[in-house]
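**Student:**
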Amino acid sequence: MTCKAMLKTNAKYHLGQIVRHKKHPFRGVIFDVDPEFSNTEEWYDAIPEDSRPVREQPFYHLLAENDQSYYVAYVSEQNLVEDLSGEPVDHPDIPDLFGPFEDGHYPLHFQLN
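Here is the structure:
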């Protein structure tokens with residue numbers, strides 16, 4: 003039996019927080035966090051080598067928006083900054099996961115069955 007060492011990773015951002023990408027024109031709401039890179043090798047290899055983020059850092063799943071569309075983004079912590087605009091994100095899937103926008107963030111929304 004093998005034992006995998008637990009990672010001790012502190013995420014800088016939290017669920018429901020609005021962030022924006024440092025290099026690309028989009029922003030989004032964090033709905034999940036991986037303690038380190040956990041996507042496919044094809045996804046990672048598609049990033050130009052000179053701008054590939056290190057794998058050993060938190061990666062965030064965002065309900066993202068830009069001027070043209072809404073989508074899900076997967077972004078390394080090093081490429082995010084807190085969004086201080088105070089504006090909500092209009093992604094259509096937000097009500098499925100979060101409550102109404104308040105005080106600059108979205109509270110988690112739990113549906114009781």
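Numbering of the sequence shown is given in my numbering, commencing with residue 3 and proceeding in unit increments. Every residue gets a Cβ at the ideal spot worked out from N, C-alpha and C, and that includes glycine. Note that this is a predicted model, so its numbers are computed, not measured.
Nearest to Gly88 by alpha carbon, out of Val77, Asp47, Glu104 and Asp95?
**Tutor:** Looking at the Cα atoms, Glu104 is the closest of the given residues.
**Student:** In this structure, does DSSP put Ser78 in helix, strand or coil?
**Tutor:** Correct three-state label for Ser78: strand.
**Student:** Would you call the segment 61-77 and the segment 28-41 touching, i.e. three or more CB-CB distances under 8 angstroms?
**Tutor:** With the cut-off at 8 angstroms, the segment 61-77 and the segment 28-41 touch.
**Student:** Which of helix, strand or coil does DSSP assign to Asp47?
**Tutor:** Helix.
**Student:** Considering only their Cβ atoms, is the gap separating Glu84 from Arg29 smaller than 8 angstroms?
**Tutor:** Taking 8 angstroms as the Cβ cut-off, Arg29 and Glu84 do not qualify as a contacting pair.
**Student:** Just tell me which of Asp47, Ala13 and Pro55 has its CA closest to the CA of Lys25.
**Tutor:** It is Pro55 whose Cα lies nearest to the Cα of Lys25.
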